[in-house]
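Student: Mapped onto the working numbering, the consecutive letters of the sequence shown carry residue numbers 4 to 115. Glycine is no exception: its CB is placed at the ideal position from the N, C-alpha and C atoms. From a predicted model like this one, the values you see are computed outputs, not experimental measurements.
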Amino acid sequence: MRQELPPREEGTRRTFRRGGYTSATDAQADLDHVRALFALPDADDDEGRVKMAELLEKVATEKAPLPDIEETRRRLRRGRRSPLSSRSASGWRPRSRAPRRRTATAATSPCT
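1. P10 to R16, Cα distance in whole Å?
2. Going by DSSP, name the residue or residues bridged to Q31.
3. Considering only the alpha carbon of each residue, which of R20, A39, A56 and D35 lies closest to E74?
4. Could you name each continuous beta strand (DSSP E) segment of 3 residues or more that falls completely within the segment 16-83, going from the start of the chain to the end?
5. Name the two residues that bound the continuous beta strand (DSSP E) containing R11.
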């Protein structure tokens, strides 16, 4: 699963990438979740969109569970501290289902 994020300040590309799903349905569910998180800040809220992109990049790097959409929405609305001010991306309430690792039998599956 891969989702393009806004470029960094210096103009380099930024993506959210994660694999190891056992089915295309699981991968699509997480892709929809990432897109929903990125859609939370208003379109004209450049700072909020950059912070969300940084959060998603950090979640991907740390291989942490995706943050809960409703909790993230509440934090953005309340003006709580930035998601990046916490010690790690996993400080945000994780989703109930973490991505599964591929097993030897699933390694031959066409889903990635």
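Tutor: So, from the data block:
1. The alpha-carbon atoms of P10 and R16 are separated by roughly 5 Å.
2. Answer by DSSP bridge pairing: none, since Q31 is not bridged.
3. Looking only at R20, A39, A56 and D35, the smallest Cα-Cα distance to E74 is reached by A39.
4. If only complete runs of 3 or more residues are kept, the segment 16-83 shows the beta strand (DSSP E) at 17-20, in order along the chain.
5. For R11, no beta strand (DSSP E) encloses it, and the DSSP letter there is neither H nor E.
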